[in-house]
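I have placed the structure first, in the form of structure tokens, so that the comments after it can refer back to it.
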Amino acid sequence: MPELPEVETIRAGLEPVLVGRTFEHVEIADPRLTRPYEPREVAAELVGEKVEALERRGKYLVVRFESGRVLLIHLRMTGSLQHLRDESASEDPYRRAVVRLDNGSDVAYRDVRRFGTWLLLEPGELEPYLAERIGGEPLSRALTSRSLRERLARRRAPLKAVVLDQRVFAGVGNIYADEALWWARLHPLRPAGDLGPDEVQALVRGIRRALRLGIERQGATLRDYRGADGAEGGMQNEFRVYGREDEPCPRCGTPIEKTRAGGRGTWYCPGCQR
Ligand SMILES: [Zn+2]
């Protein structure tokens, strides 16, 4: 599933393609994408909208139009967006939508599992919508170890579950949560409220380090994820613990173990994550 680094890589790749361009023609082939709204109606509403900015919040892509409206895209499990310059690349059974831009190029939305969503929001609707669903950006300066300490206080849930909570760290998913806890040398099953001040600071740093490395490597391609240019990411070659059961920890050599935490498969080093 695309997490913050994957969505950010797609955003950065599409920004020069989309900003300043007008949606000339929009085809949405899958009613699940715009549910409960009619795909044809949403497509018609999008025609003529000019893109002012392409932003990201958590795992959401935010297409801001000059009109003040916003197209909010969530890729969920297997969604991806690609800029197509070459018409010969056009046959794809998993293509759910295509936007023709006013320069003649296409942006195609592909989704094998079909959990992704496109939601057209009117001016003023974005912030309240996001405020109900996600917390702050982990890479923003607004996240400090002091503010995080207050949020974690008294929480008995395992650390891994709290790191996955989108209201605490918007955009962090299963891969980057495991990697972040390894960088922070913290055990995923520790009760979140038990962390001392130094450990909370290590957690903030670990999350940022894992996410920044993911962005640098253009995301992780395990199966479906591709950047906007169709290229695979490289982060899958950089995992310290994720998916590396029984392999030696790159820091201390102890074999990496797999457990379950927060309802998800979780990899960690029993030697150096306390
Ligand atoms: Zn280790």
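Going by the numbering used here, the sequence shown opens with residue 716, and the numbers climb by one from there.
Beta carbons: idealized from backbone N, C-alpha and C, even for Gly.
Checklist entry - Is Arg966 near ligand 1, judged by its Cβ being under 7 Å from some heavy atom? => result In the sequence shown, residue 966 corresponds to position 251, counting from 1. For ligand 1, at least one heavy atom lies less than 7 Å from the Cβ of Arg966.
Checklist entry - Would you call the region 897-917 and the region 846-865 in contact, with 3 or more CB pairs under 8 Å? => result Pairwise C-beta distances place the region 897-917 in contact with the region 846-865, as three or more of them are shorter than 8 Å.
Checklist entry - DSSP puts Gly794 in a beta bridge; with which residues? => result If you number the sequence shown from 1, residue 794 lands on position 79. Residue pairing by DSSP places Gly794 opposite Asp826 in a beta bridge.
Next on the checklist: For Glu962 and Glu721, what's the separation of their Cα atoms in angstroms?
Outcome noted: As a first step, residue 962 must be located in the sequence shown, where it is residue number 247. As a first step, residue 721 must be located in the sequence shown, where it is residue number 6. Taken atom to atom, the span from the alpha-carbon of Glu962 to that of Glu721 is near 25 Å.
Item to check | Cβ neighbours of Leu816 in the same chain (closer than 8 Å, five flanking residues each side left out) | outcome: In the sequence shown, counting from the first residue as 1, residue 816 sits at position 101. These residues qualify, in order along the chain: Val732, Leu733, Arg736, Thr737, Phe738, Glu739 and Val822.
Item to check | Coarse secondary structure for Leu858, derived from DSSP in three states | outcome: Here residue 858 corresponds to residue number 143 of the sequence shown, with the count starting at 1. Three-state DSSP puts Leu858 in coil, outside helix and strand.
Checklist entry - Taking Cβ to Cβ, would you say Ile725 is nearer than 8 Å to Gly945? => result Position 10 of the sequence shown, counted from the first residue, corresponds to residue 725. Position 230 of the sequence shown, counted from the first residue, corresponds to residue 945. Their beta carbons are not under 8 Å apart, which means Ile725 does not touch Gly945 by this criterion.
Checklist entry - Whose CA, out of Leu761, Arg938 and Ala976, lies closest to the CA of Asp826? => result The sequence position of residue 826 within the sequence shown is 111, counting from 1. If we check each option's Cα against that of Asp826, Arg938 comes out closest.
Next on the checklist: Considering only the alpha carbon of each residue, which of Trp833, Leu854, Pro843 and Lys765 lies closest to Leu918?
Outcome noted: Numbered from its first residue, the sequence shown carries residue 918 at position 203. Out of Trp833, Leu854, Pro843 and Lys765, Leu854 has the C-alpha closest to the C-alpha of Leu918.
Checklist entry - Along the chain, which unbroken stretches of the beta strand (DSSP E) at least 3 residues long are found entirely within the region 741-797? => result If we require 3 residues or more, the beta strand (DSSP E) runs fully inside the region 741-797 come out as 766-772, 775-780 and 785-789.
Item to check | Pair within 8 Å by beta-carbon distance, Pro873 and Tyr983 | outcome: Translated into positions along the sequence shown, residue 873 becomes position 158. Translated into positions along the sequence shown, residue 983 becomes position 268. No, Cβ-Cβ distance for Pro873 and Tyr983 is not below 8 Å.
Item to check | Leu858 to Gly888 span [Cα, whole Å] | outcome: By 1-based counting over the sequence shown, the position of residue 858 is 143. By 1-based counting over the sequence shown, the position of residue 888 is 173. The alpha-carbon of Leu858 is positioned some 17 Å away from that of Gly888.
Checklist entry - So, are the CB atoms of Arg831 and His798 less than 8 Å apart? => result Start at 1 with the first residue of the sequence shown, and residue 831 comes out as number 116. Start at 1 with the first residue of the sequence shown, and residue 798 comes out as number 83. Arg is not the amino acid found at residue 831; the sequence shown has Gly there. Between Gly831 and His798, the C-beta spacing is not below 8 Å.
Checklist entry - If you drop the 5 nearest sequence neighbours on each side, which residues of the same chain put their C-beta closer than 7 Å to that of Tyr940? => result The residue labelled residue 940 in the question sits at position 225 within the sequence shown. Only Pro717, Glu721, Ser795, Gly934 and Gly948 meet the Cβ criterion.
Item to check | Val762, buried or exposed, once every other Cβ within 10 Å from all chains shown has been counted against 16 | outcome: Your numbering for residue 762 matches position 47 in the sequence shown. Residue burial annotation: Val762 is exposed, with fewer than 16 other C-beta atoms found within 10 angstroms of its C-beta.
Checklist entry - Beta carbon of Gly990: closer than 7 Å to some heavy atom of ligand 1? => result Here the chain comprises residues numbered 716 to 989, so residue 990 is not present and cannot be evaluated.
Item to check | Pro970, buried or exposed, once every other Cβ within 10 Å from all chains shown has been counted against 16 | outcome: Here residue 970 refers to the residue found at position 255 of the sequence shown. Result: exposed.
Checklist entry - Under three-state DSSP, which class holds Val956? => result Stepping through the sequence shown from its first residue, residue 956 is reached at position 241. It is coil, neither helix nor strand.
Checklist entry - Exposed or buried, Ala759, counting other C-beta atoms within 10 Å across all chains shown (16 or more means buried)? => result As a position in the sequence shown, residue 759 is number 44, starting the count at 1. Counting Cβ neighbours within 10 Å, Ala759 comes out exposed, since fewer than 16 surround it.
Item to check | Any non-hydrogen atom of ligand 1 within 7 Å of Thr974 CB | outcome: In the sequence shown, the residue the question calls residue 974 occupies position 259. Every heavy atom of ligand 1 is 7 Å or more from the Cβ of Thr974, so no.
Item to check | Burial state of Pro754 (16 or more Cβ within 10 Å) | outcome: Translated into the one-based positions of the sequence shown, residue 754 becomes position 39. Counting other Cβ atoms within 10 Å of its Cβ, Pro754 reaches 16 or more and is therefore classed as buried.
Next on the checklist: Using CA atoms only, rank isn't needed, just tell me which of Val757, Lys973, Leu786 and Pro751 is closest to Glu767.
Outcome noted: Indexing the sequence shown from 1 puts residue 767 at position 52. Ranked by how close their Cα comes to the Cα of Glu767, the residues Val757, Lys973, Leu786 and Pro751 have Leu786 in first place.
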